[in-house]
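In the working numbering, the protein residues as written are 35 to 241.
Virtual Cβ for every residue (Gly too), placed ideally from N, Cα, C.
Quick notes on the structure that follows.
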């Protein structure tokens, strides 16, 4: 449990960093060739890092949550953890695809006109570009809510923990999560995640 708690802490802090320095769209809600091309290597690495961090962090959080609902709330916990794991997998794959698509579209191997046309095509095909990321994010959020219900029923953590966890994760679906303002949305998620990890570690230490 010590390792699990450490993973939750590290991925929670890293998640805040991902949001704080996440490359913001340079044309409203869309990315352009001019916006991505100068940072194409950073773009690829940051998206891959974000995807791996989320998969590892969500997996660890779900395991910690299950540790805290051994009987009462176990059904909610199992359903929630399963949704979180599936959602994290989808989200990670989606981010990897997003990173790779824009990285190759802005490659210097392509002439500028071809690259711009490819980036434009990516930006207009929203369904395929985000068709895996968005369902993944939704599953992680709903799974976290279910896990929060399990923790509420189990009464193994302070009441504020499942409340903050459930509400804050839903908030990330509708508010801006990048840049300094994103810390207001991601901060409570990180705090509640660390709290769940800490209580799971403490419970294990007492056993």
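Exercise for the section: Would you be able to state if there are at least three C-beta pairs under 8 Å between the stretch 137 to 153 and the stretch 45 to 55? Expected result: Judged by Cβ distances under 8 Å, the stretch 45 to 55 makes no contact with the stretch 137 to 153, as fewer than three pairs qualify.
Exercise for the section: Go ahead and pull the three-state DSSP assignment for residue 96. Expected result: Along the chain shown, one-based indexing puts residue 96 at 62. Three-state DSSP puts residue 96 in a helix.
Practice task
Rank 65, 93, 63 and 83 by C-alpha distance to the C-alpha of residue 178 and give the top, closest one.
Solution key: Along the chain shown, read from residue 1 onward, the residue named residue 178 stands at position 144. Considering only alpha carbons, the answer is 93.
Problem - Contact between the stretch 104 to 118 and the stretch 168 to 184 (3+ Cβ pairs under 8 Å) - result: Touching, per the Cβ criterion.
Exercise for the section: Could you check what DSSP says for residue 58 in three-state terms: helix, strand or coil? Expected result: In the chain shown, the residue the question calls residue 58 occupies position 24. Assignment of residue 58 by DSSP, reduced to helix, strand and coil, places it in the coil class.
Exercise for the section: Could you check which residue in 43, 58 and 44 has the C-alpha nearest to that of residue 210? Expected result: Here residue 210 corresponds to residue number 176 of the chain shown, with the count starting at 1. When only C-alpha atoms are compared, the closest one is 58.
Practice task
Check the C-beta distance from residue 223 over to residue 202 and give it rounded, since I have them as a contact under 8 Å.
Solution key: Reading the chain shown from its first residue, position 189 is the one you call residue 223. Reading the chain shown from its first residue, position 168 is the one you call residue 202. For a cut-off of 8 Å, the C-beta gap from residue 223 to residue 202 is around 5 Å, short enough to register as a contact.
Problem - Collapsed DSSP secondary structure at residue 236 in the structure displayed - result: As a working note, residue 236 is residue 202 in the chain shown. It is helical.
Handout entry: For residue 114, the nearest candidate out of 127, 176, 170 and 75 (CA to CA)
Key = Translated into the one-based positions of the chain shown, residue 114 becomes position 80. Considering only alpha carbons, the answer is 176.
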